[in-house]
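Chains as they are written, first to last, in this note's numbering: chain A, -14 to 285; chain B, 958 to 1204; chain C, 83 to 425.
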Amino acid sequence: MTSNLLILYEAPALGLQLAIDGLLIGAVFALAAYGMALVWGVTNIINVAQGEFVMLGGLIAVLAAEQGVPVLLAVPLAALCLYALGWALYYTVIVHLVGRDMFNSVLATFGIAIVLQQLMTHLFGGADRIAVSGFGSWFFLDGLVVIDKMKVLVFAACIVLGLALAFYLSRSRQGQAIRAVAQKPQAASVLGIDARKIYGLTFALNAAICGAAGALAATAYTIHPYGGLSYTIRSFMIVVVAGLGNLGGVIWAALSLGVAESFAGFILGAQYQIAFVFALLVAVLVFRNWRLRRQRRYLA
Amino acid sequence: MMALLEAVGVTKAFGGVVANDGVSLAVAEGAIVGLIGPNGSGKTTLFNTITGAIPIESGSIRFKGKEISQLLTGGIARSGLIRTYQQPRVYGGLTTRDNMLVSVSIRHGSFAGLFRRAREEAQEKVDELLDFVGLTEKSGTLAGDLSFGQQKLLELAMALANEPELLLLDEPTAGINPALINDVIDRLKVANAALGVTLLIIEHNMPVIMDLAQHVYCLAHGRLLAEGPPQAIQNDALVLDAYLGAA
Amino acid sequence: MSDARTLTPKRLLLIASLLATGIVAPLLFPAYQSQLTELLLFIVFALCWDLVGGQMGYNSFGNVLFVGLGMYAAAIVQVWLVYDVGLYNAARGGGTAFVFDASQFLTGLALGIPAAVLISALAAWLLGSLVLTMRGHYFAICTLGLGIAAGQIAAGIPWIGAGSGMLTPNPPESLGHVPLLLYYVALGLAVLCTLTFAWLLSTRFGLALNAIRDDEDKAEAMGLKTHAAKVTAWVVAAGFLGAAGALYGNLVRFIDPIQTAFAGATIGVWMILMALLGGRGTLLGPIVGAIVFQVTKELFWTYLLGWQRVGLGLLIILVAVFFPSGIVGFVRERNAASGGEKP
């Protein structure tokens, strides 16, 4: 580990590379986190299968690309498939969980995560996959810093999608209905808004967002059926740090996480990168809770 | 005689809203003191600061001569300061009897003492107190299945089982069947006289306070508006203004 | 104490008959010895989860942390008594180079299991102050993170075999029926666990745990030392989980850090399922749940081979959504409705 730190010190260009790589993937984290915050804020359900939705989106994009579908069409395709899956899951499972103790929803969505993970392994095999785009890279600093053009495209696309979602939530009728239900479900139903449909829409929308995020990620990064839980934990961490309803905070936290993970992966070694993510989650929660306890409150 | 509880200049703000603004009160040992005021005047907030549930911005709160404003709820409770809540809080998944058993002198007992089965004296005390509040028939019922009024009575019994020196009661008669309110008042008087429990009571029900309290404090907009014996308070112009103005 | 907690004659009879069954079962069904041993360990897992989860309301998704710690602690002690652990793992522990004779093997177990208990309990005590101050889903996900992080970290430590895992000592031929030995040790552990928890739950401590579950802030405001109670329950559960982990490692022989020791997505969530399925917050529930789960799991493995994990995932969803009060809860509600006595 110390030798890796020395390398960083001696080759600042490497640090720059790691930082840029971290920022670029951070946008994908931000999108997944935004979706999780949306479902959490509206239905008070933590979707432990969030990461599996992302992975599934990625795998659909990979399959599509292998069938010759242009990479940029694979993204809306994956989003659409996940949207449908989201509605299906809502009407079979999620609808029964709304309004109940959060433990049931954490456990049930964990179950969904396991089912999806196993199905993905069966249908797509256990190996890493990637949808090759062939866009090439940019080279800076005499080739010391390499930036994949696809990664930049993914970054931009995630930001655009995130902004589009924010716009939809604030301007469209359905978006406003969603926000109304999130704030005061009873009042919303008095106004004629069907809360059940809104919950379903929110969940399906989140699934679509994850699908898009995953499809985008698959074009530039490797996807693995077992990579879901890490994404779920990342999303949860980002939402805890940023707070519900704080898009700016989500972006900032997600990008920071991306950068932190990037550096950790290099300094600690790639085999510890996932351990870092989970250990960081514990640290974030403990720290957040400690801060609140000084005011005689706690994370709730 | 030193007051059992003495709050001096207690100030608590939530963001921009000052819920308690320099409130001072004193409760003498063995007394029954009332705390009244229109909704939103800061009464429950004051209770929350006294019991350590929320920290204060400034001021001092002394219980039995010791400063407690920097202490946490558990420590304050263990020194003898117990409270009940506006919405009764009982352990819903346990039976009435078990609620009582887990409350008997729990603030006194050592942690290791928890690992013994409830002793004979504890069982007797539970029977006595359940009888005192009239819940003996409901011993085996889950506390969560009791009615609102029954839960309030259980909560009171649990508090008394805990041998408090000072008991803070937040609207003890609210939501109780009017026909039973006199029963509650009588029981509180007995608890005070026979068991020696000092009482500080938040109430909206004026006849109850006039009957029970020896001294009354009135809050409005987070500040202490008036204090004195019940009759004086009842006729105080400021107090009437506060209530009528708020209505 | 109320009826639900005392050991009525009816219940004593039930426990006695379970015990009798437990003693003869491996002799009647020798082909299923390892599944039966696994069942006994699952009973311990489920009981331990329920003590902290069902009884106290702290739903942990990371109890695998203690199972894994116990597993590794015991295996390490068992090997370390005779050989250099690093070398043993570098050589993948197998073959003829690393032989354990009967007394070495037995000593290893005899010292390994207490070591497992100590390490797990210590870890629980150290982590407890940090983690038990969190509530609800934050506690749940924090513990999940702990469990998985532990597995990932273990997978990076070469001394214990890193990602390739570690083998527990080869039982010597001269010892005869080691699986049977393991079974009876596991039976002893399960009985000890059940009796310990039955005792704990019959005292005011048991009531205190339930009070914390139902309204922790109220309990704190009544002067109950909630932190001490929480840590105690957590440490006791961790100790038993560690011991069970030690035995589990010796049962499956091969300890994979992520798939076996710190298996968050399998054992970690199965123990929750067992407690829920049987009936959380009761003593009998986790035991019943473990039995039903084990039978179901074996059926799935036999008839749904390849898709068994999907089947279990579906079962988790079904129970969490439609059957959260579990079997014991269901029976009690039916009895209460017909005015009968609680089972």
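Glycine residues also receive a C-beta, built at the ideal position from the N, C-alpha and C atoms.
- For B:Gly1153, not one C-beta of chain A is nearer than 9 Å to its own C-beta.
- The beta carbon of C:Met356 does not come within 9 Å of any beta carbon belonging to chain B, so the residue lies off that interface.
- If you draw a 10 Å sphere on the C-beta of B:Glu1014, you find fewer than 16 other C-beta atoms in it, and that means exposed.
- Along the region 269 to 281 of chain A, going in chain order, the ones with a CB nearer than 7 Å to a CB of chain C are Leu270, Val271, Asn274 and Arg278.
- The continuous beta strand (DSSP E) containing B:Tyr1174 extends over residues His1172 to Ala1177.
- Here A:Gly96 carries a helix assignment [DSSP, helix/strand/coil].
- For B:Ala1010, a Cβ of chain A is located within less than 9 Å of the residue's own Cβ.
- Interface residue (Cβ-Cβ distance to chain C less than 9 Å): B:Phe1072 is classified as such.
- Sequence-distant partners of B:Gln1043 (beyond 5 residues in either direction) whose C-beta falls short of 6 Å from its own C-beta, in its chain, are Asp1127 and Glu1128.
- The region 144 to 159 of chain C makes contact with the region 193 to 203 of chain C: 3 or more CB pairs, one atom from each, lie closer than 8 Å.
- Residues of the region 1026 to 1050 of chain B with a C-beta atom less than 9 Å from some C-beta of chain A are Leu1029 and Thr1030, listed in chain order.
- Where A:Ser241 is concerned, there is no enclosing beta strand (DSSP E), although the alpha helix (DSSP H) around it starts and stops at Leu232 to Leu253.
- Relative to the Cα of B:Ala1170, the nearest Cα in the group B:Glu963, B:Val984 and B:Ala970 belongs to B:Val984.
- Using beta-carbon distances, B:Ser1060 counts as an interface residue toward chain C, with a partner under 9 Å.
- In the three-state DSSP reduction, B:Glu1122 falls in the coil class, being neither helix nor strand.
- At a cut-off of 9 Å between C-beta atoms, A:Asn(-11) does not count as an interface residue with respect to chain C.
- In the three-state reduction of the DSSP assignment, A:Val130 falls in the strand class, which pools E and B.
- C:Gly350 is not a Cβ neighbour of C:Gly360, given a cutoff of 9 Å.
- For B:Asp1055, the closest Cβ of chain C is nearer than 9 Å.
- With respect to chain C, the C-beta atom of A:Gln102 has a partner C-beta closer than 9 Å.
- Under the Cβ criterion of 9 Å, C:Ala315 is not counted among the residues facing chain B.
- The beta carbon of B:Met1115 falls within 9 Å of a beta carbon belonging to chain C, placing the residue at that interface.
- DSSP lists B:Phe1020 as the bridge partner or partners of B:Lys1023.
- Annotation: the continuous alpha helix (DSSP H) that includes A:Glu(-5) extends over Thr(-13) to Glu(-5).
- A residue is called buried when at least 16 other Cβ atoms come within 10 angstroms of its Cβ; B:Asp1055 meets this threshold and is buried.
- For A:Trp72, the enclosing alpha helix (DSSP H) stretches over residues Val56 to Thr77.
- Interface annotation, C:Asn292: in contact with chain B, CB-CB separation under 9 Å.
- Apart from sequence neighbours up to five positions away, the residues of its chain that approach C:Leu257 with a beta-carbon distance below 8 Å are Ala184, Phe187, Leu188 and Leu263, ordered along the chain.
- The CB of A:Ala227 never comes closer than 9 Å to any CB in chain C; the least such distance is about 15 Å.
- With contacts defined by Cβ atoms closer than 9 Å, A:Ile208 and A:Met40 form a contacting pair.
- Our two residues, C:Val317 and C:Val410, have alpha carbons roughly 26 Å apart in a direct line.
- Boundaries of the alpha helix (DSSP H) harbouring B:Arg1035: Thr1030 to Arg1035, taken from the DSSP string.
- The beta carbon of A:Trp72 lies closer than 7 Å to those of Gly185 and Ala189 in the same chain, with the five residues before and after it left out.
- As summarised for the region 180 to 214 of chain C, the continuous alpha helix (DSSP H) elements at least 4 residues long and confined to that stretch are 184 to 213, given in chain order.
- Distance from the CA of A:Ala141 to the CA of A:Lys134, rounded to the nearest whole angstrom, comes to 11 Å.
- The beta carbon of A:Ile115 sits no closer than 9 Å to any beta carbon of chain C.
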